[in-house]
Amino acid sequence: QQQVKQSPQSLIVQKGGISIINCAYENTAFDYFPWYQQFPGKGPALLIAIRPDVSEKKEGRFTISFNKSAKQFSLHIMDSQPGDSATYFCAARQRSNTGNQFYFGTGTSLTVIP
Amino acid sequence: SAVISQKPSRDICQRGTSLTIQCQVDSQVTMMFWYRQQPGQSLTLIATANQGSEATYESGFVIDKFPISRPNLTFSTLTVSNMSPEDSSIYLCSVATGFYEQYFGPGTRLTVT
Numbered sequence: 001q002q003q004v005k006q007s008p009q010s011l012i013v014q015k016g017g018i019s020i021i022n023c024a025y026e027n028t029a030f031d032y033f034p035w036y037q038q039f040p041g042k043g044p045a046l047l048i049a050i051r052p053d054v055s056e057k058k059e060g061r062f063t064i065s066f067n068k069s070a071k072q073f074s075l076h077i078m079d080s081q082p083g084d085s086a087t088y089f090c091a092a093r094q095r096s097n098t099g100n101q102f103y104f105g106t107g108t109s110l111t112v113i114p
Numbered sequence: 115s116a117v118i119s120q121k122p123s124r125d126i127c128q129r130g131t132s133l134t135i136q137c138q139v140d141s142q143v144t145m146m147f148w149y150r151q152q153p154g155q156s157l158t159l160i161a162t163a164n165q166g167s168e169a170t171y172e173s174g175f176v177i178d179k180f181p182i183s184r185p186n187l188t189f190s191t192l193t194v195s196n197m198s199p200e201d202s203s204i205y206l207c208s209v210a211t212g213f214y215e216q217y218f219g220p221g222t223r224l225t226v227t
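Laid out in structure tokens, this is it:
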């Protein structure tokens, strides 16, 4: 069972446009929601993250919007650039007796057209 | 943050052999994770390796096939044993630092022929 559901699977955006990737979850024990950016041949890199006590976090052109009641969160990339073309993964963390457990979405392949 | 290196970066191995992947972190961390990622797919957790305890394996992964060592707080190895073509994948080492953050290594691309 996929703990974190991510959409769309792929996304094509014109340069300068807004890219929006959505994720949804059911487990209310999740307490941390990061987004990762992965370029071909590289490991995922932590991009931005949010905790459920805030509704929005912005870092440069990247914004996370978080809706706790709907159990949804999304990544917005403003003024999208060709260099943003990558695969993006959302994730959610649950604490356990043995430590942290992270659950990943299925990924979104973003292509920004010049 | 944490800087993670993995060796080898890629390898081509024959069916039935074993490969040990090394993961080195530039700082001491308690929690290390090993993931598998099929090309174009999401990340699948293989096991969690905490220093001083046995690795905890996820459903579908067993210690005989993926033995893990965690001799200290900066190093871990994952061995892929008795390999078959189905083991061809990218293997990623990851660490959790502080309270929340998780960081990934560059990955090891394994091809089994």
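Chains as they are written, first to last, in our numbering: chain A, 1 to 114; chain B, 115 to 227. By construction, the Cβ of each residue, glycine as well, lies at the ideal position given by its N, Cα and C atoms.
(request) Ignore the nearest five residues each way along the sequence and tell me which others in Gly17 of chain A's own chain have a CB closer than 7 Å to its CB. (result) One-based indexing of the first sequence puts residue 17 of chain A at position 17. Around Gly17 of chain A: Ser80.
(request) For the beta strand (DSSP E) containing Ile160 of chain B, list its first residue and its last residue. (result) As a working note, residue 160 of chain B is residue 46 in the second sequence. 157-164 is the span of the beta strand (DSSP E), which, as asked, contains Ile160 of chain B.
(message) With the cut-off set at 7 Å, would you say Leu47 of chain A and Ile64 of chain A are in Cβ contact?
(response) Along the first sequence, read from residue 1 onward, the residue named residue 47 of chain A stands at position 47. Along the first sequence, read from residue 1 onward, the residue named residue 64 of chain A stands at position 64. Contact flag unset, no.
(message) Does Gln152 of chain B pass the burial test, meaning 16 or more other C-beta atoms within 10 Å, or should it be called exposed?
(response) Locating residue 152 of chain B in the second sequence gives position 38, where the first residue counts as 1. So Gln152 of chain B ends up on the exposed side.
(request) Count the CB pairs spanning the segment 20-31 of chain A and the segment 186-199 of chain B that are closer than 8 Å, and state whether there are at least three. (result) no
(request) Would you verify that the beta carbon of Thr106 of chain A is, or is not, closer than 7 Å to some beta carbon of chain B? (result) For the purposes of this step, residue 106 of chain A is taken as the residue at position 106 of the first sequence. It does; some Cβ of chain B falls within 7 Å.
(request) Report yes if the CB atom of Phe104 of chain A is closer than 7 Å to the CB atom of Ser167 of chain B, and no otherwise. (result) What you label residue 104 of chain A is simply residue 104 of the first sequence in a count that begins at 1. What you label residue 167 of chain B is simply residue 53 of the second sequence in a count that begins at 1. Result no, Cβ atoms of Phe104 of chain A and Ser167 of chain B do not sit closer than 7 Å.
(message) Could you compute how far the alpha carbon of Phe102 of chain A sits from the alpha carbon of Met145 of chain B?
(response) Working through the first sequence from its first residue, we reach residue 102 of chain A at position 102. Working through the second sequence from its first residue, we reach residue 145 of chain B at position 31. Computed Cα separation, rounded: 12 Å.
(request) With DSSP collapsed to three states, give me the class of Pro34 of chain A. (result) Reading the first sequence from its first residue, position 34 is the one you call residue 34 of chain A. Residue state, collapsed to three classes: strand.
(message) Taking DSSP's pairing of strands, which residues face Ser65 of chain A in a bridge?
(response) Mapped onto the first sequence, residue 65 of chain A falls at position 65. Paired residues: A:Glu56, A:Ser74.
(request) Classify Ala169 of chain B as buried or exposed, calling it buried when 16 or more other Cβ atoms lie within 10 Å of its own Cβ. (result) Taking the second sequence and counting its residues from 1, the one referred to as residue 169 of chain B is at position 55. Per the 10 Å Cβ criterion, buried.
(message) Tell me the DSSP secondary structure of Asp125 of chain B in three-state form.
(response) One-based indexing of the second sequence puts residue 125 of chain B at position 11. Three-state DSSP puts Asp125 of chain B in a strand.
(request) Go ahead and label Phe39 of chain A buried or exposed: buried means 16 or more other beta carbons lie within 10 angstroms of its beta carbon, across all protein chains shown. (result) Residue 39 of chain A sits at position 39 when you count from the first residue of the first sequence. Classification for Phe39 of chain A: exposed.
(message) Any beta carbon of chain B sitting closer than 7 Å to that of Lys57 of chain A?
(response) Residue numbering aside, residue 57 of chain A sits at position 57 when the first sequence is read from its first letter. It does not; no Cβ of chain B falls within 7 Å.
(request) Check Pro114 of chain A in the structure and name its three-state DSSP category. (result) For the purposes of this step, residue 114 of chain A is taken as the residue at position 114 of the first sequence. It is coil, neither helix nor strand.
(request) Specify, as a first and last residue, the run of the beta strand (DSSP E) that Thr211 of chain B falls within. (result) What you label residue 211 of chain B is simply residue 97 of the second sequence in a count that begins at 1. Here Thr211 of chain B belongs to no beta strand (DSSP E), and DSSP marks it neither H nor E.
(request) Report the neighbours of Tyr205 of chain B on chain A: residues whose CB is nearer than 9 Å to its CB, in chain order. (result) Translated into positions along the second sequence, residue 205 of chain B becomes position 91. None at all; the shortest Cβ gap to chain A is about 10 Å.
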